[in-house]
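To start, the structure itself, in structure tokens.
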Amino acid sequence: NLVNKKGNSALTLAVRGNTPAVVDFLLSKGADVNVVDASGENLVSYLIDTYSAQRLAAFDAKLKLLQDKGLAITTPQKNGNTLYHLSLAKNDFALLKRIEPFKVDVNAKNKEGITALHKAAMTAKDDSVMKYLLSIGAKKDAVTEFKETAFDLAKENEFLTKNKVSIDFLK
10 NLVNKKGNSA LTLAVRGNTP AVVDFLLSKG ADVNVVDASG ENLVSYLIDT
60 YSAQRLAAFD AKLKLLQDKG LAITTPQKNG NTLYHLSLAK NDFALLKRIE
110 PFKVDVNAKN KEGITALHKA AMTAKDDSVM KYLLSIGAKK DAVTEFKETA
160 FDLAKENEFL TKNKVSIDFL K
């Protein structure tokens, strides 16, 4: 359970870049699943960062191992980012859909006052993710610290504007 200067333990590094067998070995030796790095990121952040459709079996195996040892998968990061915020960064719709069974609050705001829908509105390449978030309960009238709605943020998304993606459903 020793950590380096960045606050990474052997388990943190194994979750990020090794096999489920190595993660299992470290857990069997008492590695702490509740380790948090120097910037306040827990193992969930590292696990989501490793997600790849090509390595789905390894992702699922690590997730199960960590959950079985008590990792609170729904605990937000120190900066308030939830599983939804983290998953949006991967730009993978399949990963986003895998979050719903965990019952994470889709309207939770991070420390910047941004919900998952706000983040999607700023980074989306099409409307599918935003429509999905709305379908699972995201509130389109939620506002940022600057009183901006998802519609306001989507209007500023150059990719959506350039490709003439309709965002009227966010009004």
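First residue of the sequence shown: 10, per the working numbering; consecutive thereafter. All C-beta atoms in this analysis are idealised placements derived from N, C-alpha and C, irrespective of residue type, glycine included.
Membership of L179 in any alpha helix (DSSP H) is not indicated, and neither H nor E is assigned to it by DSSP. In the same chain as P85, and ignoring 5 residues on each side of it, the C-beta atoms closer than 6 Å to its own belong to T91, in chain order. By the criterion of at least three beta-carbon pairs nearer than 8 Å, the region 54-66 is not in contact with the region 35-43. Contact between I57 and K106 does not hold, since their C-beta atoms are separated by about 14 Å, which reaches or exceeds 8 Å. Taking the C-beta atoms as reference points, S18 is found no nearer than 7 Å to V24. The C-beta distance from N116 to K148 rounds to 5 Å, short enough to fall under 8 Å. Nearest to F178 by C-alpha distance, out of T59, D135, K140, is K140. Using a 10 angstroms sphere on the CB of T158, the tally of other CB atoms reaches 16 or more, which defines it as buried.
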